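*Asks:* Residue numbers (full-length UniProt numbering): 1 to 468.
Beta carbons are placed, not taken as given, at the ideal position from N, Cα and C, and that holds for glycine.
These numbers were taken from a predicted model, which means no experiment stands behind them.
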Amino acid sequence: MAYHGISYEEWNQLVQQNRPLPPTVNLCIHAEIERQARIHPSKVAFTSSEEDLTYDALSRLSDLVAYDLVDRGVIKEDIVPLCFDKSPVMIIFMIAVMKAGAAFLALDPEQPLSHTESVLHEMDAKMIITSETFQYSFPSDYPVLVPPSLPLLVGQLGRASKWSPPVVSPKNAAYCSLTRASTGEPSGVVLEHRSFVSGIFWNAPAQMLNEKSRALQLAEYWHDECITEILTTLCVGGTICAPNEVEIQHDLVEFINLKEVNWAALTPSFISTFQPVDVPTLETLVLDGETVPQSLIETWSEHVVVLGSYTVSECSGTISVGYRVENGSTARNIGRPAGVALWVVNKNNVHVLMPVGEVGEILIEGPTVGRGYINNPQATGAAFVKPPIWLRPILSPSQKGNRLFRTGVSGRRTLTGTFEIISGEDFQKAIEDAGDDSAVQVAHVARLVRYGRIDEEESKEPAADNVH
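#1: Just mark ARG38 as buried or exposed, buried being the case when its beta carbon has 16 or more other beta carbons within 10 Å.
#2: Out of LEU113, PRO81, GLY357 and ALA96, which one is the CA nearest neighbour of LEU107?
#3: How long is the line joining the alpha carbons of ASN262 and HIS4, rounded to whole angstroms?
#4: Just list the beta strand (DSSP E) runs in the region 364-435, keeping only unbroken ones of 3 residues or longer that don't cross its boundaries, in chain order.
#5: For the region 277-285 and the region 250-267, state whether three or more C-beta atom pairs, one from each stretch, are separated by less than 8 Å.
#6: When you compare only the Cα positions, how much space is there between ILE128 and GLY401?
#7: What do you get for ILE75, buried or exposed, if any count of 16 or more other CB atoms within 10 angstroms of its CB means buried?
#8: Helix, strand or coil for TYR221, going by three-state DSSP, please let me know.
#9: TRP343 to SER169, Cα distance in whole Å?
#10: Tell me TYR8's beta-bridge partners as DSSP assigns them.
#11: At which residues does the beta strand (DSSP E) containing PHE46 begin and terminate?
#12: What do you reckon, are the CB atoms on THR54 and SER198 nearer than 7 Å?
#13: Which value, in whole angstroms, describes the spacing of the CA atoms of LEU152 and PHE46?
#14: Only counting the same chain, and skipping five residues up and downstream in sequence, which positions put a Cβ closer than 7 Å to that of VAL385?
#15: One question on the structure: do PRO139 and GLY339 come within less than 7 Å of each other, judged by their Cβ atoms?
#16: Does GLY308 pass the burial test, meaning 16 or more other C-beta atoms within 10 Å, or should it be called exposed?
#17: Going along the chain, which unbroken runs of the alpha helix (DSSP H) with 4 or more residues stay wholly within the region 63-137?
#18: For LYS212, count neighbouring Cβ atoms within 10 angstroms of its own Cβ and tell me buried if that reaches 16, exposed if not.
#19: At which residue ranges does the region 251-286 contain complete beta strand (DSSP E) runs of 3 or more residues, listed in the order of the chain?
#20: Would you kindly report the start and end of the unbroken alpha helix (DSSP H) that includes ASN203?
#21: Quick check: what's the CA-CA separation for ARG336 versus ASP68?
#22: Given this structure, state the Cα-to-Cα distance separating ARG60 from PHE274, to the nearest angstrom.
#23: Does the distance from the CB of LEU234 to the CB of ILE33 come in under 7 Å?
#24: Beta-carbon separation of TYR175 and ALA103 under 7 Å?
#25: Does the beta-carbon of GLU229 have 16 or more other beta-carbons within 10 angstroms, so that it is buried, or is it exposed?
#26: From the DSSP output, read off the bridge partner residues of SER320.
#27: Please report the straight-line C-alpha distance between HIS115 and ASN244, rounded to a whole angstrom.
#28: Would DSSP call GLU211 helix, strand or coil?
#29: Is it buried or exposed, GLU192, if we count other Cβ atoms within 10 angstroms and call 16 or more buried?
#30: Taking 8 Å as the limit between beta carbons, can you name the residues of its chain near MET123, skipping five residues before and five after?
#31: Can you name, in chain order, every residue of its own chain whose Cβ lies under 6 Å from the Cβ of MET94, other than the five neighbours on each side?
#32: Assuming the contact rule is C-beta atoms closer than 8 Å, LEU209 and GLY238 should be a hit. Round their C-beta distance to whole Å, please.
#33: Helix, strand or coil for CYS28, going by three-state DSSP, please let me know.
#34: For ILE297, report the span of its beta strand (DSSP E) as first-last.
#35: Considering only their Cβ atoms, is the gap separating ILE421 from GLY411 smaller than 7 Å?
#36: Looking at the secondary structure, which residues open and close the alpha helix (DSSP H) in which LEU153 lies?
If you want it as structure tokens, here you go:
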């Protein structure tokens, strides 16, 4: 007998692998960062070649900015666009926006003005907060706030000393991420506090991020990996190590050594430009953004823990992590779920499960699944679906209203319980477009990849990161 496309024996195996479902953790992101500030206030939360910020300073500065944002009319569930070049001020504002009860959205300044205007309209933005570099990069009908420099902010710390912050619920929006909805148009997806915090209880340990981590902050602010590099690091009490643009272009290895970076998420193209001996402090290497050559995995795994992560914009944080060498996986293997349950279903019918080893569409279930697309109920309904028939018998009463996310990505479950991706974004095309004249240009190929997809061809080796 079959159970919605698979045998009952296989169904029981899937249930054992995907249950119990990780619980929802009803906490706010900024509350977790505040907890770290109370535990070790004098510990450095952010370090660069220009300045350091302790957890206490980060807490007090974000209080100051949140006070000002509320005074300017920012309220719960507002979406506040941010656009900064590399600066601790961006991190202060990310936290401050959440303390004010709103959600932040990191804008990409390289996008065409028409695209940015469309995004701002969709978000119903009241104002844009940006650095001097980008203050004239936005439509003139949106108010632009250019905050003071970090030294001036520090000089104003006394202003918010008696401030009572708004009561923010874990159900409130924390941040928005730009992606491409099923309609094909760029759209913003809302992620709640509880989704993110629920995820980090699982994916932070899986990625070996903890209070001892000195994490390299390399991703652009509008890129999904930035959320892990910044917010996850702060929530677990680690230190963000942020190179400036010059160091990224010319002296990144020197910066890694100077700041004793021990955790980094890098593209294979970049990591292949130097050897493990060049970065002796590195302990954990997360490879993302491109296809990973097996030879590179084998070279680095002798010196550091080599991981691969898989993320989607519609879910908070990393949804799976793979120990690439230890489990003998190939470059397309994304490892095991982290804080979610993964299912493989028929591409044309989510109510039919695919047997182990057969290709289908990957569904994501769990508390990290986002709220949906902003002002786009059609796309939300198509991508964030009710529990399929086969899932309903094992749902608890509190889980029956949960939504699953249809990734639109082809993959399969292996006999060992790991997952392989068969199609994803066209990172390979972006690499080719970047050319091979500049290692750094290729290293940051993620900057070139915005919202595209590739055709589903099994002959292509996909990237193990950001499928939307």
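*Replies:* In terms of the structure at hand:
#1: exposed
#2: Relative to LEU107, the option among LEU113, PRO81, GLY357 and ALA96 whose CA is nearest is PRO81.
#3: 46 Å
#4: As for any beta strand (DSSP E) of minimum length 3 sitting wholly inside the region 364-435, the runs are 404-413 and 419-421, ordered along the chain.
#5: yes
#6: Going by C-alpha positions, ILE128 is about 35 Å away from GLY401.
#7: exposed
#8: coil
#9: 30 Å
#10: None, per the DSSP bridge assignment.
#11: Run containing PHE46: 44-47, per the beta strand (DSSP E) assignment.
#12: no
#13: 18 Å
#14: VAL350, ARG403, LEU404 and ARG406
#15: Not closer than 7 Å, so no.
#16: buried
#17: 88-99 and 113-123
#18: exposed
#19: For the beta strand (DSSP E) assignment, the uninterrupted runs of no fewer than 3 residues enclosed by the region 251-286 are, from N- to C-terminal side, 263-266.
#20: 193-206
#21: 43 Å
#22: 39 Å
#23: yes
#24: yes
#25: Here GLU229 is buried: its Cβ has 16 or more other Cβ atoms, across all protein chains shown, within 10 Å.
#26: TYR310 and PRO337
#27: 27 Å
#28: coil
#29: buried
#30: A distance below 8 Å between beta-carbons, with the five flanking residues on each side excluded, links MET123 to the following residues of its chain, in chain order: ILE79, PRO81, LEU105, CYS176, GLY188 and ILE374.
#31: PHE104
#32: 6 Å
#33: coil
#34: Not the beta strand (DSSP E): ILE297 falls in the alpha helix (DSSP H), residues 294-301.
#35: Yes, these two residues count as a Cβ contact at 7 Å.
#36: According to the DSSP assignment, LEU153 belongs to the alpha helix (DSSP H) that extends over 150-155.
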